[in-house]
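Take a look at the structure below.
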Amino acid sequence: MMILKIFYLIGKMMMGTLCLKNLNKQGFTVSNAKWCLDLFLGFCKEDYEEAFECGITKINKKSLFVNKSFKLSMFLDRMLYFFNEVLSLGFSIEIA
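Using this note's numbering, the first residue of the sequence shown is number 34, and each one after it goes up by one.
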């Protein structure tokens with residue numbers, strides 16, 4: 034399942050190659066946090082299981098609905114873990 038998620042993100046990142054290069058160089062910074070959040074939430078819209086595990090019940094363009102189990106720290110941990118996996122895979126793809 035994680036591999037499918039990673040390939041989905043890599044496909045989405047092709048639209049934001051400059052941001053991907055910045056992530057590889059800088060890591061996760063405040064300046065690229067919005068892009069990362071938008072991409073992760075876009076993935077959560079496609080994969081309801083991922084969203085549900087984070088406690089997200091609905092994602093609109095400008096709002097996010099959560100249930101009682103939502104914890105911001107868990108949401109951020111999952112998002113950062115997800116991007117770490119994507120960046121490590123993206124880096125190995127660039128070398129190959």
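Beta carbons: idealized from backbone N, C-alpha and C, even for Gly.
query: Inter-residue Cα distance where the pair is Glu127 and Glu118; result: A caution first: Glu127 carries a pLDDT of 40, below 50, which makes its placement in the model unreliable, though a value can still be read off. Taking the straight line joining both Cα atoms gives about 14 Å.
query: Residue(s) in a DSSP beta bridge with Lys91; result: Phe98
query: Run of the alpha helix (DSSP H) containing Phe85, from where it starts to where it stops; result: 81 to 86
query: Euclidean distance between Cα positions of Asp80 and Glu86; result: 10 Å
query: With 16 other Cβ atoms within 10 Å as the buried cut-off, status of Leu72; result: buried
query: Distance, Tyr114 Cα to Asn93 Cα; result: 23 Å
query: Contact set for Lys91: own chain, Cβ-Cβ below 7 Å, skip 5 residues either direction; result: Phe98
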